[in-house]
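Here the structure comes first, spelled out in structure tokens, and everything after it is commentary.
Protein chains in written order, with this note's numbering: chain L, 42 to 165; chain W, 7 to 258.
Structure, rendered in structure tokens:
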């Protein structure tokens with residue numbers, strides 16, 4: 042399956058770590074965004090993106106708002122969205138699931154978890 | 007009759023006044039000691055006010071220092087990631103070279119077998135052939151070389167993953183900064199209303215996280231898989247794979 046990832050995080054470090062992890066899993070097609078607003082711009086401009094990996098706490102447009110915007114947009118609503126965040130409390134996870142993220146990873150993540158979640162999402 | 011009543015009322019009032027005066031006389035030392043106490047207390051209150059002022063003035067500097075720590079750590083992390091990427095690239099290049107050498111060695115081995123068949127058999131030639139073959143250590147060291155490269159690759163990746171700590175600590179520092187700012191605002195209000203503010207209210211400063219904040223005050227760097235397991239259980243519960251009891255147990 043051809044996957045093109047959009048990695049969204051305001052931390053440059055985290056974006057590089059996620060991208061390196063994707064490379065390690067033999068994925069080589071990805072773009073990056075520093076917040077939800079930039080992510081929406083990139084999604085609108087690039088229809089080849091089919092998988093979004095996003096943080097929650099970000100300036101301008103948060104990860105949660107990004108997910109809600111994606112789900113409300115007819116052209117984007119089918120995108121796969123994986124949330125990777127430090128927020129690990131029950132209420133937050135429920136909120137993200139209600140916003141219809143496909144899956145959820147609590148930072149710090151391991152490569153096994155990342156692989157497992159990507160596989161679960163694309164095989165669902 | 008009314009006059010008599012007015013007079014007795016007057017005496018009653020005078021008596022009341024007398025009691026008040028007597029009471030006042032008794033109160034004078036108390037009031038005096040209160041004035042003395044106030045005289046002693048005012049400089050103390052001024053000291054407290056000055057101290058709060060000083061502390062409040064230092065807070066922006068503390069915030070700047072924390073911000074500096076965050077940006078310097080991010081810079082250092084970026085430098086580490088650059089080095090890590092460079093090591094990874096080198097490892098990949100080595101891996102590519104080894105594969106090329108391996109291919110050539112296969113070819114070399116076949117060619118050598120052909121040459122060996124052309125060499126006339128003698129004890130002398132046998133000796134040289136054996137010695138020549140003993141010098142070829144490539145295949146004996148290859149597994150060790152590949153194991154070392156794989157270990158370097160794994161270690162480098164582990165370093166990369168450990169650097170997630172930078173993102174998590176920067177969120178924790180942002181939360182501390184937010185708390186410091188809340189304390190500063192509280193102290194500022196104390197300076198203005200010192201005489202009418204209950205000092206214990208400083209204890210009530212809470213970390214109220216504004217909506218849309220870019221940090222998570224509960225961010226934790228841990229190798230424990232507990233939080234992810236709890237999240238997974240919650241996700242599974244949507245598909246009825248986990249019971250509410252199991253979820254509550256993990257999140258409690």
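Ideal Cβ placement from N, Cα and C applies to all residues, glycine included.
Taking only the alpha-carbon atoms, compute the straight-line gap between residue i and residue j and give it to the nearest angstrom.
i, j, result
"residue 81 (chain W)", "residue 145 (chain W)", "43 Å"
"residue 42 (chain W)", "residue 194 (chain W)", "29 Å"
"residue 61 (chain L)", "residue 53 (chain W)", "57 Å"
"residue 145 (chain L)", "residue 123 (chain L)", "6 Å"
"residue 173 (chain W)", "residue 63 (chain L)", "18 Å"
"residue 92 (chain L)", "residue 126 (chain L)", "16 Å"
"residue 78 (chain L)", "residue 71 (chain W)", "30 Å"
"residue 232 (chain W)", "residue 51 (chain W)", "51 Å"
"residue 4 (chain W)", "residue 106 (chain W)", "There is simply no residue 4 (chain W) to check, as chain W begins at 7 and stops at 258 in what is shown."
"residue 101 (chain W)", "residue 94 (chain W)", "10 Å"
"residue 129 (chain L)", "residue 229 (chain W)", "14 Å"
"residue 91 (chain W)", "residue 104 (chain L)", "27 Å"
"residue 167 (chain W)", "residue 55 (chain L)", "9 Å"
"residue 161 (chain W)", "residue 97 (chain W)", "12 Å"
"residue 39 (chain W)", "residue 25 (chain W)", "22 Å"
"residue 66 (chain L)", "residue 143 (chain L)", "19 Å"
"residue 236 (chain W)", "residue 151 (chain L)", "15 Å"
"residue 196 (chain W)", "residue 71 (chain L)", "52 Å"
"residue 163 (chain L)", "residue 94 (chain L)", "13 Å"
"residue 27 (chain W)", "residue 13 (chain W)", "21 Å"
"residue 149 (chain L)", "residue 239 (chain W)", "18 Å"
"residue 62 (chain W)", "residue 116 (chain L)", "52 Å"
"residue 45 (chain L)", "residue 89 (chain L)", "6 Å"
"residue 83 (chain L)", "residue 114 (chain L)", "14 Å"
"residue 152 (chain W)", "residue 136 (chain L)", "46 Å"
"residue 141 (chain L)", "residue 134 (chain L)", "11 Å"
"residue 138 (chain W)", "residue 164 (chain W)", "42 Å"
"residue 83 (chain W)", "residue 219 (chain W)", "23 Å"
"residue 128 (chain W)", "residue 143 (chain W)", "24 Å"
"residue 135 (chain W)", "residue 171 (chain W)", "57 Å"
"residue 86 (chain L)", "residue 226 (chain W)", "35 Å"
"residue 43 (chain L)", "residue 107 (chain L)", "23 Å"
"residue 111 (chain L)", "residue 80 (chain L)", "10 Å"
"residue 33 (chain W)", "residue 48 (chain W)", "22 Å"
"residue 224 (chain W)", "residue 37 (chain W)", "53 Å"
"residue 126 (chain W)", "residue 120 (chain W)", "12 Å"
"residue 190 (chain W)", "residue 177 (chain W)", "20 Å"
"residue 234 (chain W)", "residue 139 (chain L)", "18 Å"
"residue 78 (chain W)", "residue 188 (chain W)", "24 Å"
"residue 31 (chain W)", "residue 46 (chain W)", "24 Å"
"residue 133 (chain W)", "residue 89 (chain W)", "49 Å"
Along chain L, which residues have their Cβ under 7 Å away from the Cβ of residue i?
i, result
"residue 241 (chain W)", "138, 144, 145"
"residue 227 (chain W)", "149"
"residue 244 (chain W)", "138"
Let me check one thing: in DSSP terms, what residues is residue i bridge-paired to?
i, result
"residue 73 (chain L)", "L:48"
"residue 100 (chain W)", "The partner list for residue 100 (chain W) (beta bridge, DSSP) is empty, contrary to what the question assumes."
"residue 162 (chain W)", "None; residue 162 (chain W) has no bridge partner."
"residue 92 (chain L)", "L:46, L:121"
"residue 68 (chain L)", "According to DSSP, residue 68 (chain L) bridges with nothing at all."
"residue 146 (chain L)", "L:125"
Name the chain L residues whose beta carbon is nearer than 8 Å to that of residue i?
i, result
"residue 222 (chain W)", "97, 98, 126, 127, 128"
Run down chain W in chain order and give the residues with a C-beta less than 7 Å from the C-beta of residue i.
i, result
"residue 154 (chain L)", "234"
"residue 58 (chain L)", "166, 167, 169, 170"
"residue 103 (chain L)", "218"
"residue 51 (chain L)", "220"
"residue 134 (chain L)", "237, 240"
"residue 61 (chain L)", "166"
Using a Cβ cut-off of 9 Å, pull out every chain W residue sitting near residue i, in sequence order please.
i, result
"residue 93 (chain L)", "By Cβ distance, chain W contributes nothing, its closest Cβ being about 17 Å from residue 93 (chain L), past 9 Å."
Just the chain W side, please: which residues come within less than 8 Å of residue i by C-beta, in chain order?
i, result
"residue 159 (chain L)", "Within chain W, no residue comes near residue 159 (chain L); the closest Cβ sits about 14 Å away, beyond 8 Å."
"residue 54 (chain L)", "80, 83, 84, 87, 169, 170, 172, 173"
"residue 65 (chain L)", "163"
Would you mind telling me which residues of chain C sit closer than 7 Å to residue i, beta carbon to beta carbon, in chain order?
i, result
"residue 163 (chain L)", "Within the model displayed, chain C is absent; protein chains L and W are what it includes."
Cβ-heavy atom distance between residue i and the ligand NAD below 7 Å?
i, result
"residue 71 (chain L)", "For the structure depicted, the ligand NAD is absent and the ligand set is empty, with no information on it obtainable."
Residues of the stretch 162 to 177 of chain W with a CB closer than 9 Å to any CB of chain L: list them in chain order, please.
-> 163, 166, 167, 168, 169, 170, 171, 172, 173, 174, 176, 177
Is the number of C-beta pairs between the stretch 110 to 128 of chain W and the stretch 181 to 189 of chain W that are closer than 8 Å three or more?
-> no
Could you tell me whether the stretch 153 to 160 of chain L touches the stretch 15 to 22 of chain W, where touching means 3 or more Cβ pairs closer than 8 Å?
-> no
Take every Cβ of the stretch 92 to 99 of chain L, pair it with every Cβ of the stretch 44 to 59 of chain L, and state whether three or more of those distances are shorter than 8 Å.
-> yes
Check whether the stretch 59 to 76 of chain W touches the stretch 147 to 164 of chain W, taking contact to mean three or more Cβ pairs, one atom from each stretch, closer than 8 Å.
-> no
Between the stretch 119 to 153 of chain W and chain L, which residues of the former have a C-beta closer than 9 Å to a C-beta of the latter?
-> none
Going along the chain, which residues of the stretch 75 to 106 of chain W sit with their C-beta nearer than 7 Å to a C-beta in chain L?
-> 80, 83, 84, 87
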